[in-house]
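Structure, as structure tokens:
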Amino acid sequence: MHNKKQIDSIVFKDMLEAAVSELSEIDLSKAKIGDKTMMDTLNPAIEAYKTALNHGKSFIEALEEMKIAAEKGKESTKELMAKVGRASRLGERSKGFLDVGAVSSWLILKSMADSIIRLLTNS
Amino acid sequence: MQRIINNPNDVVDDMINGFVKAHKDIIEKTENNRVLKYKKTPIKNKVGIVTGGGSGHKPAFVGYIGENMVDAVAIGEIFSSPTAKAFYDAFKTADSGKGVACLYGNYAGDNMNVKMAIKMAEKDGIIVKTVIANDDVASAPKEEKNKRRGVAGEVLMWKIAGAKAALGGNLDEVISVAQIKRDSA
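Residue numbers (this note's numbering), protein chains in the order written: chain A, 784 to 906; chain B, 2 to 186.
So this is what it looks like as structure tokens:
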């Protein structure tokens, strides 16, 4: 990926996959969907992006799908009980609040998608 | 205890500015506004000592910067892990070519970000080894020792490791004494 001069929908897919696999590799706690972490946003968002591409959707359409799934994943953390990290020490009291990692990951993905869509639309 | 806060959003920046002002003779800012260093760092032929963690509970961590102690500190937001970039910049700041010992506490965010930072540093040819403090016996039972948080035991690690580094120990020796200290806490 470092050698690519242009980012197309496939290179972007590779980037997303690399991000998740690197995180899974270094993360001792092996956080998964439902643990109330950034993975609750990242995993579904990336799956939605890949599914969209597999169904022949365009780069922009796939990014839109990714945004929708990221938002849903982020919102899903509200009622979850934290299983990982500092919040896990609160147990039941962690329910009713969005996870910060999930929110910041959503912001990042959303901003990336919006910027790319803007670039693609203007070119 | 009284706290005087100008604006909650500026708490960490204000803390850093005030601390640097109060300790101009020991501490310096770096290009990263979340990394502070010992004035003399990097010190030639000495292993760099780095730590980092969340803000909100001085003297951890910036209060331990100094001679034969910590060379550079990665600063996180209130009770939050420093970013991977902050750790990476702290490694770069502390390294004089003999490698860096990153001695930090066992927290989910810190573990993740330190690991990411080490990968980034590796690309620059900087060798970083770690010892993770897990001395808070209240946070997990003996059988799950590796889940325990690091608290005051970290200070002893820095002291011992800082001394070994100042005496000319190589990276493995510095790590080894820190580990012995960690395991006996």
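All C-beta atoms in this analysis are idealised placements derived from N, C-alpha and C, irrespective of residue type, glycine included.
Is residue i close to chain A? Criterion is C-beta to C-beta, closer than 7 angstroms.
| i | result |
| --- | --- |
| alanine 75 of chain B | no |
| alanine 141 of chain B | no |
| alanine 164 of chain B | no |
| alanine 109 of chain B | yes |
| methionine 113 of chain B | yes |
| lysine 116 of chain B | yes |
Contact criterion: CB-CB distance below 7 angstroms. Does residue i meet it with respect to chain B?
| i | result |
| --- | --- |
| aspartate 810 of chain A | yes |
| valine 867 of chain A | yes |
Quick one: give me the first and last residue of the alpha helix (DSSP H) that residue i is part of.
| i | result |
| --- | --- |
| isoleucine 829 of chain A | 822-837 |
| glutamate 78 of chain B | No alpha helix (DSSP H) holds glutamate 78 of chain B; the beta strand (DSSP E) holding it covers 73-79. |
| valine 156 of chain B | 154-167 |
| glycine 19 of chain B | 12-23 |
| serine 56 of chain B | Unbroken run through serine 56 of chain B is the beta strand (DSSP E), 49-56; no alpha helix (DSSP H). |
| valine 803 of chain A | 792-809 |
Whose C-alpha, out of the options, is nearest the C-alpha of residue i?
| i | options | result |
| --- | --- | --- |
| phenylalanine 62 of chain B | B/Ala85, B/Gly98 and B/Gly106 | B/Gly106 |
| serine 81 of chain B | B/Ala109, B/Asp90 and B/Lys99 | B/Ala109 |
| lysine 45 of chain B | B/Lys143, B/Lys148, B/Gly154 and B/Gly100 | B/Gly100 |
| asparagine 826 of chain A | A/Phe880, A/Gly884, A/Ser906 and A/Gly874 | A/Gly884 |
| isoleucine 793 of chain A | A/Ile891, A/Phe880, A/Arg872 and A/Thr834 | A/Thr834 |
| glutamate 155 of chain B | B/Leu37, B/Arg4 and B/Gly54 | B/Gly54 |
| methionine 113 of chain B | A/Ser807, A/Leu873, A/Thr860 and A/Ile900 | A/Ser807 |
| glycine 970 of chain A | A/Ser841, A/Glu805, A/Lys819 and A/Met864 | Absent from the structure is residue 970 of chain A, since the part of chain A shown begins at 784 and ends at 906. |
| threonine 31 of chain B | B/Val138, B/Ile76, B/Ser177 and B/Glu145 | B/Ile76 |
| histidine 785 of chain A | B/Asp136, B/Asp184 and B/Lys124 | B/Lys124 |
| glycine 126 of chain B | B/Gly98, B/Leu168 and B/Arg4 | B/Gly98 |
| isoleucine 899 of chain A | A/Val886, A/Gly874, A/Ser887 and A/Leu846 | A/Leu846 |
| asparagine 10 of chain B | B/Glu78, B/Lys86 and B/Val51 | B/Glu78 |
| lysine 813 of chain A | A/Met895, A/Leu863, A/Arg901 and A/Val867 | A/Val867 |
| lysine 25 of chain B | B/Asp136, B/Gly67 and B/Val48 | B/Gly67 |
| valine 138 of chain B | B/Lys130, B/Thr131, B/Ile128 and B/Gly151 | B/Gly151 |
| tryptophan 94 of chain B | B/Asn34, B/Asp173 and B/Met158 | The displayed chain sequence assigns threonine, not tryptophan, to residue 94 of chain B. Checking every option, the nearest Cα to that of threonine 94 of chain B belongs to B/Asn34. |
| glycine 49 of chain B | B/Ser177, B/Ala167 and B/Ile28 | B/Ala167 |
| aspartate 810 of chain A | B/Ile181, B/Val115 and B/Met16 | B/Val115 |
| methionine 822 of chain A | A/Phe795, A/Leu881, A/Ile843 and A/Glu875 | A/Leu881 |
| alanine 85 of chain B | B/Asp72, B/Asp96, B/Val178 and B/Ala122 | B/Ala122 |
| methionine 2 of chain B | B/Lys41, B/His58, B/Lys146 and B/Asn147 | B/His58 |
So residue i is in the beta strand (DSSP E); what residue range does that whole segment cover?
| i | result |
| --- | --- |
| lysine 38 of chain B | 36-39 |
| serine 906 of chain A | From DSSP, serine 906 of chain A is part of no beta strand (DSSP E); its letter is neither H nor E. |
| lysine 130 of chain B | 129-134 |
| lysine 146 of chain B | Unbroken run through lysine 146 of chain B: none, as it is neither H nor E. |
| isoleucine 176 of chain B | Element bounds for isoleucine 176 of chain B: not the beta strand (DSSP E) but the alpha helix (DSSP H), 172-185. |
| glutamate 29 of chain B | 28-30 |
Does the Cβ of residue i have 16 or more other Cβ atoms within 10 Å, making it buried, or fewer, making it exposed?
| i | result |
| --- | --- |
| valine 175 of chain B | buried |
| isoleucine 133 of chain B | buried |
| arginine 149 of chain B | buried |
| asparagine 171 of chain B | exposed |
| alanine 153 of chain B | exposed |
| aspartate 897 of chain A | exposed |
| arginine 183 of chain B | buried |
| threonine 914 of chain A | The question about residue 914 of chain A has no answer, for chain A in this structure spans 784 to 906. |
| asparagine 142 of chain B | Reading the sequence as shown, one finds proline at residue 142 of chain B and not asparagine. Flag for proline 142 of chain B reads exposed. |
| methionine 70 of chain B | buried |
| proline 43 of chain B | buried |
| leucine 890 of chain A | exposed |
| asparagine 8 of chain B | exposed |
| glycine 762 of chain A | The structure shown does not extend to residue 762 of chain A, since chain A is modelled only from 784 to 906, so the question has no answer here. |
| glutamate 848 of chain A | buried |
| serine 804 of chain A | exposed |
| aspartate 173 of chain B | exposed |
| serine 887 of chain A | exposed |
| lysine 165 of chain B | buried |
| leucine 873 of chain A | exposed |
Measuring only between beta-carbons, confirm whether residue i sits less than 7 angstroms from chain D.
| i | result |
| --- | --- |
| tyrosine 832 of chain A | The structure shown contains no chain D; its protein chains are A and B. |
Hey, is residue i close to the ligand ADP, as in C-beta under 6 angstroms from one of its heavy atoms?
| i | result |
| --- | --- |
| lysine 840 of chain A | You won't find the ligand ADP in this model; it holds no ligand whatsoever. |
At which residue ranges does the region 84-137 of chain B contain complete beta strand (DSSP E) runs of 3 or more residues, listed in the order of the chain? 101-106 and 129-134
Counting only runs of 4+ residues fully inside the region 837-881 of chain A, write out the alpha helix (DSSP H) ranges in chain order. 842-859
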